[in-house]
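J.: This is the structure I have questions about; it appears just below.
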Amino acid sequence: MLSMNETLAWHDNAVWRQLLCLLPLLVVTNNVADAVAIGVAVFTVLVTSNVIISALRGFIPAEAQLPAFALLIGLCTSSIMMFMQVYAFEAHQRVALFTQVVLCNCIVLAQAERTARQNTIRAALIHSIVAGVGFLAVLLLVGLIRKTAPGDWPPALLPVCVFFVAALLLAAKNALVQRV
Amino acid sequence: MSSASTAWRLGLLGAAVAAVLGGIDTLTRAGIQRNEQRVTLAPLVAVTGDGRLASLRGDTNPPLVICAASGAPLYHVFQRSVRGYAGPIQLLIGVDAKGALTGVRAISHRETAGIGDAIDVNKSPWIRSFDGRPLADIALVADGGSIDVITGASVTSRAVINGVHDALADAESVPSGICSNALDE
């Protein structure tokens, strides 16, 4: 289990390794609050949907598992969005476009397929928390780097900047992995 | 597994999901409505500086004449679209019953990030310098008024000033006694 967790958070980090989910990374990480909002939304959807899918794994028909996943992840996404509108309305207004498509977010679907479908509730819970934390950490890191760019350096506010920040982080990670 | 069983299971799943979503909707509806009202009324509170407007009911589309419960007009709120440096700037302008400016906010704009976007109250306090100022003072310092220019954005600064003058000119010609909405007592 440890190796699986290590894999999910570091070696197979959704952003770093799988290069998934660059869309929210591109757009919302220009301020830390929005990065936290989308990160927490994705994290919560990931964990709740994985636990539900794992709990229902004996019930979900194998021939139609994708529609079943879509239903359950959709349930989690819509619920989170409703709760966000109650407790974090302004943040929701800014990131709603991206939370709406969390449903077909590759990270969440891949996770459902890869681990939740086959594992016990406990294992699915732990795996999804680890993968979610990995995603959240990268999102926050990029948000922080863009925010702390010298003197509100205007290019740091533009979405393209994320390509550079993400590439530098990726290069740094690869260098580190190769050395080890 | 037979396909009939697959269909039944998917159907059941769909019904269960719908039921849960319905429950959560009932649970969150009141809170969401409260937030929506707060957000639509926040600009009105900001341009008039009057917290009582946070519980205003009814029409919220400018131009508005907001009256006291007695029916006496308290504020006029105007919306103006002016041409900024990078596109239209939507301004919301509050004027009290005596025709004096209470406040201005830019509610949407496309001005340059880091320069002209200082008209946004979340980026810079600049637009607060209009609050409560007499008409004669509303001009850039360079033009004999008392509003500081936004560094690097004189086009943007002048556009806002022109919009405010335009709205204040309108305020004089608003017929009195027609309330868009009134405060509760």
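Taken in order, these protein sequences are the chains called A and B. Mapping to our numbering: the first sequence position 127 is 735, numbers consecutive. Mapping to our numbering: the second sequence position 149 is 334, numbers consecutive. Think of the CB as a built atom: it goes at the ideal place given N, C-alpha and C, for glycine as much as any other residue. It should be emphasised that the depicted structure is a prediction, and the values quoted were computed from it without experimental measurement.
Between B/Ala282 and B/Leu249, which are expected to be in contact by the criterion C-beta below 8 Å, what is the C-beta distance as a whole number of angstroms?
T.: The residue you call residue 282 of chain B lines up with position 97 of the second sequence. The residue you call residue 249 of chain B lines up with position 64 of the second sequence. Not quite, the Cβ-Cβ distance comes to about 13 Å (not below 8 Å), so this is no contact.
J.: Spell out the partners DSSP gives B/Ser255 in its beta bridges.
T.: Looking up residue 255 of chain B in the second sequence gives position 70. None; B/Ser255 has no bridge partner.
J.: The ligand GTP and B/Val345: does any heavy atom of the ligand fall closer than 7 Å to the residue's C-beta?
T.: The ligand GTP is not part of the structure shown, which contains no ligands of any sort.
J.: Report, in whole angstroms, the separation of the C-beta atoms of A/Asn658 and A/Ala732, which I expect to be a contact under 8 Å.
T.: Against the first sequence, residue 658 of chain A aligns to sequence position 50. Against the first sequence, residue 732 of chain A aligns to sequence position 124. Contact flag correct, Cβ pair sits at about 5 Å.
J.: Kindly list the residues whose CB is nearer than 8 Å to the CB of A/Val655, restricted to its own chain and excluding five residues on each side of it in sequence; keep chain order.
T.: For the purposes of this step, residue 655 of chain A is identified with residue 47 of the first sequence, where counting begins at 1. Hits under 8 Å: Leu733, Ser736, Ile737, Gly740.
J.: Please decide whether A/Ser662 counts as near chain B, where near means a Cβ-Cβ distance under 8 Å.
T.: On the first sequence, residue 662 of chain A is found 54 positions in, with the first residue counted as 1. No, its Cβ sits nowhere closer than 8 Å to a Cβ of chain B.
J.: Grab me the residues of B/Val340's own chain with a C-beta within less than 6 Å of its C-beta, minus the 5 sequence neighbours each way, in chain order.
T.: Residue 340 of chain B sits at position 155 when you count from the first residue of the second sequence. Once the five neighbours on either side are set aside, the close Cβ partners of B/Val340 are Tyr270.
J.: Quick one: does B/Thr213 have its CB under 8 Å from some CB of chain A?
T.: Mapped onto the second sequence, residue 213 of chain B falls at position 28. It does; some Cβ of chain A falls within 8 Å.
J.: Nearest CA to the CA of B/Val262: which residue from B/Arg290, B/Gly256, B/Ser255?
T.: Position 77 of the second sequence, counting from 1, holds the residue named residue 262 of chain B. It is B/Arg290 whose Cα lies nearest to the Cα of B/Val262.
J.: Of all the CB atoms in chain B, is at least one closer than 8 Å to the CB of A/Val773?
T.: Working through the first sequence from its first residue, we reach residue 773 of chain A at position 165. Judged by the 8 Å Cβ criterion, A/Val773 is not in contact with chain B.
J.: Quick check: the region 302 to 312 of chain B against the region 337 to 351 of chain B, are there 3 or more CB pairs under 8 Å?
T.: Counting Cβ pairs under 8 Å, three or more are found: they touch.
J.: Per DSSP, which one or two residues make a beta bridge with B/Ala372?
T.: Residue 372 of chain B lies beyond the range of chain B shown here (186 to 370); nothing can be said about it.
J.: Using the Cβ count rule (16 or more neighbours within 10 Å means buried), how would you classify B/Pro247?
T.: As a first step, residue 247 of chain B is located in the second sequence; it is residue number 62 there, counting from the start. So B/Pro247 counts as buried.
J.: Check whether the Cβ atoms of A/Met692 and A/Ala649 sit closer than 8 Å, and answer yes or no.
T.: In the first sequence, the residue the question calls residue 692 of chain A occupies position 84. In the first sequence, the residue the question calls residue 649 of chain A occupies position 41. Yes.
J.: What residue from B/Leu226, B/Ala215, B/Thr287 has the CA that sits closest to A/Val694's CA?
T.: As a first step, residue 694 of chain A must be located in the first sequence, where it is residue number 86. Checking every option, the nearest Cα to that of A/Val694 belongs to B/Ala215.
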